[in-house]
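Written out below as structure tokens is the structure these notes cover.
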Amino acid sequence: MRHHLRFIRLGSVCTAAVGCLFLIVFFCAHCPYGSAWSSESQSMYPENGEPPAFSDRFEARASETAPTDVVSEGDSSPLSLTLQDTLLMALENNVGFQIERLQPKVAETQVQIESAVFDPVFSAGLDGSVARDDSDDGDTKTDSASAVVRADQFLPYGTEIGLSGHAGLSSNDNGDRTDNREAGVNAELTQPLLKGRGLDANLASLRQARLSSRMSVYELRAAAEELLSQTEQTVWEYVLARRSIDIYEASLDVAERQLEEIRMRIRIGKLAESELAAAEAERAFRIERLINARADLTKQSFNLVRLLNPGEDDEAWERKIDILEAPETSPVLLSPVSEHVSFAMENRPDLNQARLEIRKGEIEVVRTKNGLLPRLDFFLTVGTYRYVESFSRRDDNRGDATSVTAGLDFELPYRNRDAVARHEQARLSAEESRLALRNLQQLAQMEVRSAYVDVQRLEELIKASRATRLAREKAMETEQEKFRVGKSTAFILAQAQRDLVEGQIDELEAVVQYRKAMVDLYRLDGSLLARKGIETPEP
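Residue numbers (the numbering used here): 6 to 544.
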């Protein structure tokens, strides 16, 4: 009965200590120091204190718009797609981009890791012991048990606070049993006065982690633009290969009809036998071109399948792809180049990443500058103790005690070379980041202006190649008429037909290159996602 009552009383002491811990946690959660870093988070991400999940929004956009009936595991039917279908399918299925979509989530975990530094930490301990002393003075048995609970928290101003409660119970049985109980509560506070003081020093890692999270969103945006650009350009290359096959097949039909006509005219004696060689050579040449075009189409289909990833089985590589759009031949009305450059300066992901890198460097400079200061900490400890001697043959002796300890700790490393070097390193890295941004801005201007010139060049090239093709059509028609009346040879006619085929291919290539140049311009000025209707929230 005595031991049972002893642990009941010990439990009540522990309960009181736990109650004190809840009070200190409540204080930490509601004091201005504890809310400093959370209010800053709200100002940086005003909606809910968290950076927007670009990858989640991206997934929602793609799933709402992507075609639902074109991807089927094990399906070998032709894949009929519009240009927009291919872009959305690539964003949804491309394996490389799926890897990139994980990066913002990975970066956000680092924010949570840095935020956890300011979370309260709870600890508890319980121990007991039994000792027996067999001596000439008699047997002595000592039993003891103790419990400790503690809560600690580090605040953004550098303050470290802690509250602990402990209770102990011991009994000494030497023929005259004595039970002793003690309990106490300690409150501790340590505040840096120089090194480690203030939000700039203690929130630096958290702020840098948030900037890294935002940088990962820009990195994802750049990956999305690169994927869209690569996909659309591959689509136009695929269309070019498909149309080239049509042109070569049509020219082969013409060459075969021409060959049959020459053979017939040779049989009836209207042409010399020597004319047959030129016609046969031209037919063989066009077969050769057709073989190369079909091989090129197959390779372009492989590129497109890899980007779209329509299935995991081997049959996906053999699926026929039908692009339901043709490259537009009419030129796009371009804005002045200065507007494209201005838009690129504000919206290109790499430039925004470089700006955030500068901010990270500035934070590091402030943090390392604080590290140059000597350490001077103020500490305060307040403790209360109660000691009770009970269950003995004597009267109970009670004792209460309160202690207050305060002081200063000072530390200054000799020469402090580590802190000086780190600060100089941070300062030089920040200057390097600023120069890197200027260099990127110059490169961006050069790339946008060069892409703009390419678009203008290809726009003029489309007109010139179209005029060339029309002229070669007339030249071939003229040679055909001259050949029918015997005023031309099969060789000259074959050359005219070959020139026409090359003119048709050149015109088609000019149109495709123009569409690819437009895509490249939009990628370089940072407007490609918006022009393709892909929603991307600002970091």
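Positions of the beta carbon are idealized from the N, C-alpha and C atoms, including for glycine.
ASP205 beta carbon less than 8 Å from that of VAL371: Counted from its first residue, the sequence shown places residue 371 at position 366. Counted from its first residue, the sequence shown places residue 205 at position 200. Closer than 8 Å, so yes.
Residue burial classification, TRP241 (beta-carbon count within 10 angstroms, cutoff 16): By 1-based counting over the sequence shown, the position of residue 241 is 236. Under this definition TRP241 is a buried residue.
Decide if ARG275 is buried, meaning its Cβ has at least 16 other Cβ atoms within 10 Å, or exposed. Taking the first residue of the sequence shown as position 1, residue 275 is located at position 270. Here residue 275 turns out to be Lys, not Arg, going by the sequence shown. When all chains shown are included, LYS275 counts as exposed.
Determine the DSSP secondary structure at LYS110, reduced to helix, strand or coil. Residue 110 sits at position 105 when you count from the first residue of the sequence shown. Here LYS110 sits in helix by DSSP.
Are the CB atoms of LEU361 and VAL220 within a distance shorter than 8 Å? Counting from 1 along the sequence shown, the entry for residue 220 is found at position 215. Counting from 1 along the sequence shown, the entry for residue 361 is found at position 356. Looking at the sequence shown, residue 220 is not Val but Met. Yes, these two residues count as a Cβ contact at 8 Å.
Would you say the beta carbon of GLN263 is closer than 7 Å to some non-hydrogen atom of the ligand ZN? In the structure on display, the ligand ZN does not appear, and there are no ligands present to speak of.
How should THR164 be labelled, buried or exposed, when 16 other C-beta atoms within 10 angstroms of its C-beta is the threshold for buried? Translated into the one-based positions of the sequence shown, residue 164 becomes position 159. Buried, because 16 or more other Cβ atoms sit within 10 Å of the Cβ of THR164.
Closest to LEU529 by CA distance: which of ASN352, GLU478 and ASN444 is it? Along the sequence shown, read from residue 1 onward, the residue named residue 529 stands at position 524. Of ASN352, GLU478 and ASN444, the residue nearest in Cα terms is ASN352.
Could you pull the start and end residues of the beta strand (DSSP E) that LEU378 belongs to? Residue 378 sits at position 373 when you count from the first residue of the sequence shown. Neither: LEU378 is in no beta strand (DSSP E) and is coded neither H nor E.
Going by other Cβ atoms of all chains shown within 10 Å of its Cβ, with 16 needed for buried, is ASP423 buried or exposed? Counting from 1 along the sequence shown, the entry for residue 423 is found at position 418. Burial call: exposed.
With H, G and I counted as helix, E and B as strand and the rest as coil, what does DSSP make of GLN182? Here residue 182 refers to the residue found at position 177 of the sequence shown. Going by the sequence as given, residue 182 is Arg instead of Gln. Here ARG182 sits in coil by DSSP.
Expected contact under 8 Å - CB spacing of GLY203 and TYR162 to nearest Å: Residue mapping note: residue 203 aligns to position 198 of the sequence shown, counting from 1. Residue mapping note: residue 162 aligns to position 157 of the sequence shown, counting from 1. With 8 Å as the limit, GLY203 and TYR162 qualify as a contact, their Cβ atoms being about 6 Å apart.
Inter-residue Cα distance where the pair is ALA152 and ALA406: Residue 152 sits at position 147 when you count from the first residue of the sequence shown. Residue 406 sits at position 401 when you count from the first residue of the sequence shown. Straight-line Cα distance between these residues: approximately 19 Å.
Can you name the start and end residues of the beta strand (DSSP E) that LEU86 belongs to? Position 81 of the sequence shown holds residue 86. Looking at the DSSP string, the run of the beta strand (DSSP E) that includes LEU86 is 84-86.
Take the Cβ of ASP382 as the centre, count every other Cβ of all protein chains shown within 10 Å, and call the residue buried at 16 or more, exposed below. Position 377 of the sequence shown, counted from the first residue, corresponds to residue 382. Buried is the call here.
Separation of GLN305 from GLU320, as counted between CA atoms: Along the sequence shown, read from residue 1 onward, the residue named residue 320 stands at position 315. Along the sequence shown, read from residue 1 onward, the residue named residue 305 stands at position 300. So the alpha carbons of these two residues sit roughly 16 Å apart.
If the criterion is Cβ atoms closer than 8 Å, does the pair LEU513 and LEU245 meet it? Position 508 of the sequence shown holds residue 513. Position 240 of the sequence shown holds residue 245. In this structure, LEU245 lies closer than 8 Å to LEU513 by Cβ.
For HIS171, the residue or residues it bridges with in DSSP: As a first step, residue 171 must be located in the sequence shown, where it is residue number 166. BP columns for HIS171 point to VAL153 and GLY189.
At a cut of 8 Å, does the stretch 406-416 reach the stretch 484-492 through at least three beta carbon pairs? no
Among LYS365, ARG270, GLU230 and SER175, the one whose alpha carbon lies nearest that of LYS537: Against the sequence shown, residue 537 aligns to sequence position 532. Answer by Cα proximity: GLU230.
Contact defined as beta carbons within less than 8 Å: I believe ALA214 pairs with GLN108. What is the distance between those atoms, to the nearest angstrom? Residue 214 sits at position 209 when you count from the first residue of the sequence shown. Residue 108 sits at position 103 when you count from the first residue of the sequence shown. No, ALA214 and GLN108 are not in contact; Cβ-Cβ is about 14 Å, not under 8 Å.
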